[in-house]
Amino acid sequence: MRIFTSALVTETNTFSTFPTTLRSFEELGIVRGPIADDVLSDVGPIVKNWRRLAAQYGDTVHEGVYAIAQPAGVVAAAAYRQLRGEILAALERAMPVDMVLLFLHGAMVAEGVDDCEGELIAAVRAFAGPNCVIGVELDPHCHMSPAMAKEADVIILMREYPHVDYEPRAVELFEQCRAAATGATRPVMAVADCAMVGFYPTTAQPMRGLVDLLGEVERRPGILSASYVHGFPWGDVQDAGTKVLVVADHDRELAARTAHELAQTLYRLRHDLLPRLESVEQVLDPAPAGPYPVILADAGDNPGGGAPCDHTALLAALLRRPTLRCAFGMLWDPEAVDACHQAGLGAVINLSIGGKAGPVSGTPLQLDLTVLGLAEQHSQQVGPMVDPLGRAAWVRCGAVDIVLISRRQQTLSPTAFTGLGVPLHEARVIAVKSSHHYYAEFSALSSNCHVIETGAALSMDFAHLPYRRRSKLFYPAVANPAPELA
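Per my numbering, the sequence shown starts with residue 260, numbered consecutively.
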């Protein structure tokens, strides 16, 4: 069997003023051809799993183009056209193929194209033909469009948030697609709209129980796969929102009935699923008794959702508590990093940090800082993967250790601090730029975790997001927008 694999991954915050360009993809590296063992974070292990499984079956794999970019604003038309064209050209060279496996995010928006994934899958279908099995792995923070469900044969989403299960889902996708390609199954898909916009970490109830329910559903006769589409709230496109996707064998009615059942279960818990953010004062005043460290997540300035990563409100709040030993990171400020490197280790400098990307970044902080750590190529270790962070600096202001970076990225691992020498074990409070992905690694340090409202770019006041293209008939903007699910 001949198999073609490729990947195009980014998450578009349509409210962001930062454009996603070809350089954005080049920053993380565009791979054309076989993937080496140490590239492209999540993409590498997924493709290598597909390669491994193909070898077990004696199949031939043709590896195409793999590109990933840090979430930001709308993708430049020229960048999307080039990467789409390269993927299709690689597919054409590999033809004929029996299977196409794609790793996509699912929330990519380019200039003039609101549904990049649906458009790309349709183009792949046109090249590969009606008999080729097309399988797609998606991030749960995707938009599930009619084109995606129509043109693909099997779509499987990661079900955990943090996304610690991208490899098992890739294996599942391969097996499902190969079964379809050999005629052992005939997958059909159905999507149910939950009429919701939300944020759904899967590490706590009620979402934990809902995820476990998927496993029970998949054990039913005729059900091949079931996925929750969390949706990406900061993508203002028609297909944005929370949905359920079910893949059944032969029976489209069974798929639709099961998707509706799961959508009802999700919808009936909509009030309990609302995010509940806290203020710094609620968590730190009076000073917490522990357990330590207390972990504060600045979800609103999470670059993983397209935010600038240089908002200063949380850092300012920590600095106003001079007796509280804190670690804060990572703040994106290439200019400040360069100044620290010029000053050198041990230097005491007065420097403006943060608040430089625009109005959503808050106010720059003018601080006296001591330079305690420098790196030309800093990184954080996330599971087996090394995540590059570029030039970086560790500075101290009063009782607060601050990590400054030159490449936008959310804080995913304690090594973002300790790799520069920050004595993280001394911190009573650790503040990170992340919504929930930090939890996978930082929860080993403490279960005392809080999501903090800072007024940054990624507002979780979903009812009042300034949608223009997406319908406003959704919960929580409307109390009961889908009575048929209640």
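Using N, Cα and C, we set each Cβ at its ideal position, and we do this for glycine too.
When the Cβ atoms of the segment 696-714 are set against those of the segment 418-427, are three or more pairs found closer than 8 Å? A contact exists between the segment 696-714 and the segment 418-427.
Complete runs of the alpha helix (DSSP H) confined to the segment 288-320 [at least 4 residues]: 302-316
Secondary structure at residue 427, three-state DSSP: helix, strand or coil? Here residue 427 sits in helix by DSSP.
Over what stretch of residues does the beta strand (DSSP E) that includes residue 663 continue unbroken? 659-664
Sequence-distant residues of the same chain with beta carbon closer than 6 Å to residue 452, five excluded per side: 502
Sorted by chain position, which residues of the same chain lie with C-beta nearer than 6 Å to residue 481's C-beta, five sequence neighbours on each side aside? 507, 508, 510, 513
Nearest-angstrom Cα distance between residue 240 and residue 525? Outside the shown range of the chain, which is 260 to 745, sits residue 240, and nothing can be said about it.
Please specify which runs of the alpha helix (DSSP H), each continuous and at least 4 residues long, are wholly inside the segment 442-528, giving them in chain order. Within the segment 442-528, the complete alpha helix (DSSP H) runs of at least 4 residues are 466-477, 511-527.
Can you tell me which of 267, 530, 282, 371 puts its alpha carbon nearest to the alpha carbon of residue 740? Residue 740 has its Cα closest to that of 530, out of 267, 530, 282, 371.
So the candidates are 493, 528, 260, 373; which of them puts its Cα closest to the Cα of residue 320? 260
Beta bridge counterpart(s) of residue 609 as assigned by DSSP: Answer is 627.
Residue 600 lies in the alpha helix (DSSP H); which residues open and close that run? 593-602
Whole-angstrom distance between residue 708 and residue 677, CA atom to CA atom: When rounded, the distance between both Cα atoms is 19 Å.
Spatial distance of residue 613 from residue 626 (CA atoms): Spanning the two alpha carbons is a distance of roughly 11 Å.
From the DSSP output, read off the bridge partner residues of residue 366. 270
Report the option in 383, 485, 541 whose CA atom is closest to the CA atom of residue 355. The shortest Cα separation from residue 355 among 383, 485, 541 belongs to 383.
Note down, in chain order, each residue of its chain lying with its Cβ closer than 6 Å to the Cβ of residue 667, except the 5 sequence neighbours on either side. 329, 562, 568, 591
Span separating the alpha-carbon of residue 343 from that of residue 658: Computed Cα separation, rounded: 49 Å.
Is it true that the segment 345-359 meets the segment 391-398, where meeting means three or more beta-carbon pairs spaced less than 8 Å apart? yes
Residue 730 - DSSP class collapsed to helix/strand/coil: coil
Between residue 456 and residue 498, what straight-line distance do the alpha-carbon atoms span, to the nearest angstrom? 11 Å
To which residues of the same chain is residue 408 closer than 6 Å at the C-beta, ignoring the five residues directly before and after it? Excluding positions up to five away in sequence, the list reads 448, 450.
Comparing C-alpha positions only, which one of 306, 285, 347, 284 sits nearest to residue 293? 306
In the structure shown, what three-state DSSP assignment does residue 698 receive? Helix, per DSSP.
So, under 8 Å CB-CB, residue 637 and residue 679 are touching, yes? Tell me the CB distance rounded to an integer number of Å. Right, their Cβ atoms sit about 6 Å apart.
Delimiting residues of the alpha helix (DSSP H) encompassing residue 644: First-last for residue 644: 644-656, but that is the beta strand (DSSP E), not the alpha helix (DSSP H).
Quickly, what does DSSP pair residue 433 with across the bridge? List them, please. Answer is none; residue 433 lacks a bridge partner.
In this structure, does DSSP put residue 325 in helix, strand or coil? strand
For residue 676, does the three-state DSSP call read helix, strand or coil? Residue state, collapsed to three classes: helix.
Beta bridge counterpart(s) of residue 588 as assigned by DSSP: 691
Beta-bridge partners of residue 640, as assigned by DSSP: 645
Best match in 611, 461, 486, 325 for proximity to residue 751 [C-alpha to C-alpha]: Any property of residue 751 remains undetermined from this structure, which presents the chain solely from 260 to 745.
For residue 663, which residues from the same chain have a beta carbon less than 6 Å from its beta carbon, with the 5 sequence-adjacent residues on both sides left out? For residue 663, where only same-chain residues beyond five positions count, the Cβ hits under 6 Å are 590, 592, 595, 596, 652.
What is the residue span of the beta strand (DSSP E) that residue 394 lies within? 392-397
Roughly how many angstroms lie between the CA atoms of residue 716 and residue 743, to the nearest whole one? Cα to Cα, residue 716 sits roughly 34 Å from residue 743.
Per-residue DSSP class, three states only, for residue 620: helix
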